[in-house]
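Report on one structure; see the data block that follows.
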Amino acid sequence: MNTAPSLIPMPSSLRLTPFEEYMLADNLPAYPMCCFIKIKLQGQFNVAVFEAALQRTLENQPLLTGSVTERNGKYYWRKADTFPAVSRASLDENRPVGEDGNTARQFPRSNGIDLFNEPALKITICNANADSAKVLLNGRTEIVFEVHHSASDALGLLRFMEDTLCQYAQAVGFAAAKRKQVEPDLLVRRGLPRHSYRNMLQILAKQLHGLRRAWKFLTYRVTPLTATKPADLQKLCEDYPAILFRELSESQTQDAVQKAKELGITLNELFLCSAFFAMKNWQNMPFGRNLRIAVPINLRTPADELMPAANIVSMVFLDRKSKDIRPVQTFYDGIHHEMSHIKRHNLGWALIRGLTIYRRVFGNYRKMMHPDRCWTTATVSNLGKVFANTPLPKLNGNVLIDHSLELLGVEASPPVRSSTALGICMMTYADRLTINLHYDAAVLTQADGERIVDDIYRFATSHTTQQMDG
Numbered sequence: 004m005n006t007a008p009s010l011i012p013m014p015s016s017l018r019l020t021p022f023e024e025y026m027l028a029d030n031l032p033a034y035p036m037c038c039f040i041k042i043k044l045q046g047q048f049n050v051a052v053f054e055a056a057l058q059r060t061l062e063n064q065p066l067l068t069g070s071v072t073e074r075n076g077k078y079y080w081r082k083a084d085t086f087p088a089v090s091r092a093s094l095d096e097n098r099p100v101g102e103d104g105n106t107a108r109q110f111p112r113s114n115g116i117d118l119f120n121e122p123a124l125k126i127t128i129c130n131a132n133a134d135s136a137k138v139l140l141n142g143r144t145e146i147v148f149e150v151h152h153s154a155s156d157a158l159g160l161l162r163f164m165e166d167t168l169c170q171y172a173q174a175v176g177f178a179a180a181k182r183k184q185v186e187p188d189l190l191v192r193r194g195l196p197r198h199s200y201r202n203m204l205q206i207l208a209k210q211l212h213g214l215r216r217a218w219k220f221l222t223y224r225v226t227p228l229t230a231t232k233p234a235d236l237q238k239l240c241e242d243y244p245a246i247l248f249r250e251l252s253e254s255q256t257q258d259a260v261q262k263a264k265e266l267g268i269t270l271n272e273l274f275l276c277s278a279f280f281a282m283k284n285w286q287n288m289p290f291g292r293n294l295r296i297a298v299p300i301n302l303r304t305p306a307d308e309l310m311p312a313a314n315i316v317s318m319v320f321l322d323r324k325s326k327d328i329r330p331v332q333t334f335y336d337g338i339h340h341e342m343s344h345i346k347r348h349n350l351g352w353a354l355i356r357g358l359t360i361y362r363r364v365f366g367n368y369r370k371m372m373h374p375d376r377c378w379t380t381a382t383v384s385n386l387g388k389v390f391a392n393t394p395l396p397k398l399n400g401n402v403l404i405d406h407s408l409e410l411l412g413v414e415a416s417p418p419v420r421s422s423t424a425l426g427i428c429m430m431t432y433a434d435r436l437t438i439n440l441h442y443d444a445a446v447l448t449q450a451d452g453e454r455i456v457d458d459i460y461r462f463a464t465s466h467t468t469q470q471m472d473g
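Just so you know, we're using my numbering here: the sequence shown kicks off at 4 and counts up by one.
See the structure below:
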């Protein structure tokens, strides 16, 4: 696309929220704060129709088409000088396939996103025919969406992607998949608590539960997965992003759901436990290590349904000593009770309020950033059931975009920061659960990443504790 569409005007006073600015401050040349989502299509794909659908959908997405500018030490969104880039990459349909049909490296190399000089979104179309002049692509096509985390979380990006596919389906006359149009004016309230004055005292009382967690977050000495340090924080690794993929079959997914029920925990909590097991199991971590998982928390309410892509998200942190990470019921119960406590007391808002107070006191987050310090060992995100309520038709659970174009699968990955070696993402599409592992290729090899993601897969699907003992 050479011409930019008539975009919704970007309000000059649209300052970055505390969370958005935190993501911006945590961005390093060697560790871009970028999320990736990939859709895997099979059939005849029309690039021209897709780009037109993309352009129409982006007309109401100020943050995805925006850049950042600094004024008097404060950061604001502005309309980017260029439109989000759509590039081509070659897709090797004969690439080696591993056990259970899983492959290793599947994402094209990225240079990250410079949010001060380019839009927050990039798109790459991957096909065996990478000829940029070819409009109709056949066979397997993969589309990678890369977004700077300051602009949107994964759920916001997924909503935008679904809107784009609906536009495509309408353009080819396949399905009248109408969606309510997003409302850019809602962005002014993104990231803000929506509580009435009547229940404010109750909310504040509950937030007192977060004070102990905040103190522990600041004082708990977290152990990185590996003692190896990146050689240069200013140079991006050649293998970025290094992302691995595993998919459970429908029956394996149901087995995991059943296992979680038998343990008295949720599927999300089962995978949090599995991530702890895998990290401990890697190199037989000594008993005295302190591990931490950052867990993104979705803060959306029904009032946010029509908000454009944005960050309506926070994080909570689970800390465990390696000596306590064992496949016994008390460990599972501990994770379950802590996550239940977080939900019951709305502690997802604790980080947002803390960031807000910090910015008011210090002005920005520069003093807070310590690239050499390990704040979290890993990030574990669960996007839930994606495309479950789409207006597009389905065949055997897979979404249909045209008579000859099927959505086979979806993958997603959170960013990794310095000293946080792993970004893990789970989701369910067409009743199949997928696991993506984004590992830090500056300190871990692909073999390391393969072992960790295989352990997560094994721990989540094994039926006996003996199988979990590494």
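Heads up, the beta-carbon is just placed ideally off N, CA and C, and yes, glycines get one too.
Item	Value
Quick check on DSSP: helix, strand or coil for Y171?	helix
Exposed or buried, G412, counting other C-beta atoms within 10 Å across all chains shown (16 or more means buried)?	buried
Taking the alpha carbon of Q64 as the point to measure from, which residue in V138, A312, F110 and Y460 has its own alpha carbon closest?	A312
Would a C-beta distance cut-off of 8 Å place G115 and L239 closer than the cut-off?	yes
Is it right to say K41 is buried, meaning 16 or more other beta carbons lie within 10 angstroms of its own, or is it exposed?	buried
Thinking C-alpha only, which one of A88, N301, I246 and K324 is nearest F280?	K324
How close, in whole Å, do the beta carbons of L31 and L236 come, if the pair is a contact with beta carbons under 8 Å?	5 Å
Between the C-alpha atoms of I328 and L275, what's the straight-line distance to the nearest angstrom?	11 Å
Would you call the CB atoms of R295 and D336 closer than 8 Å?	no
Which residues in the same chain as S407 place their Cβ atom closer than 8 Å to its Cβ, once the five residues preceding and following it in sequence are excluded?	G46 and Q47
When the Cα atoms are used, what is the spatial distance from A7 to L398?	Any reading at A7 needs caution, since the residue's pLDDT is 49, under 50, leaving its predicted position unreliable; the model's value is listed next. Rounded to whole angstroms, A7 to L398 spans 35 Å at the Cα level.
So what does N371 bridge to, in DSSP terms?	Here residue 371 turns out to be Met, not Asn, going by the sequence shown. M371 pairs with nothing; no bridge assigned.
Using a Cβ-Cβ cut-off of 7 Å (strictly less than) and excluding sequence neighbours within five positions of S155, which residues of its own chain qualify?	L66, L67, A312, A313 and N314
Would you mind giving the Cβ-Cβ distance between G267 and F22, rounded to the nearest angstrom? I have them listed as a contact below 8 Å.	About 33 Å; that fails the 8 Å criterion.
By Cβ distance, which residues of its chain are closer than 6 Å to F119, with the 5 residues on each side in sequence left out?	V71
Just mark H152 as buried or exposed, buried being the case when its beta carbon has 16 or more other beta carbons within 10 Å.	buried
Is it buried or exposed for T127, if we count other Cβ within 10 angstroms and need 16 for buried?	buried
On the three-state DSSP scale, how would you describe D235?	coil
Using the rule of at least 16 other Cβ atoms within 10 Å of the residue's Cβ for burial, across every protein chain shown, is E497 buried or exposed?	Only positions 4 to 473 of the chain appear in the structure, and residue 497 is not among them; the question remains open.
Counting only runs of 3+ residues fully inside the stretch 291-342, write out the beta strand (DSSP E) ranges in chain order.	293-301 and 316-324
Suppose you measure from the CA of A391 to the CA of G76; what does that come to, to the nearest Å?	43 Å
Judging by CA-CA distance, which residue of F320, T333 and G366 is the nearest neighbour of W352?	F320
For the candidate residues A88, L358, I438 and D443, whose alpha-carbon lies nearest to that of Y460?	I438
Between which two residues does the alpha helix (DSSP H) holding N284 run?	L270 to N284
Given a cut-off of 8 Å, decide if L139 and N3 are closer than it, judged by their beta-carbon atoms.	With the chain represented from 4 up to 473, any question about residue 3 goes unanswered, as that position is not in the structure.
Going by C-alpha to C-alpha distance, which of L44, R192 and L94 sits closest to S16?	R192
Report all residues from its chain with a CB closer than 7 Å to the CB of V402; omit the five preceding and five following residues, and keep chain order.	F390, T393, L395 and L410
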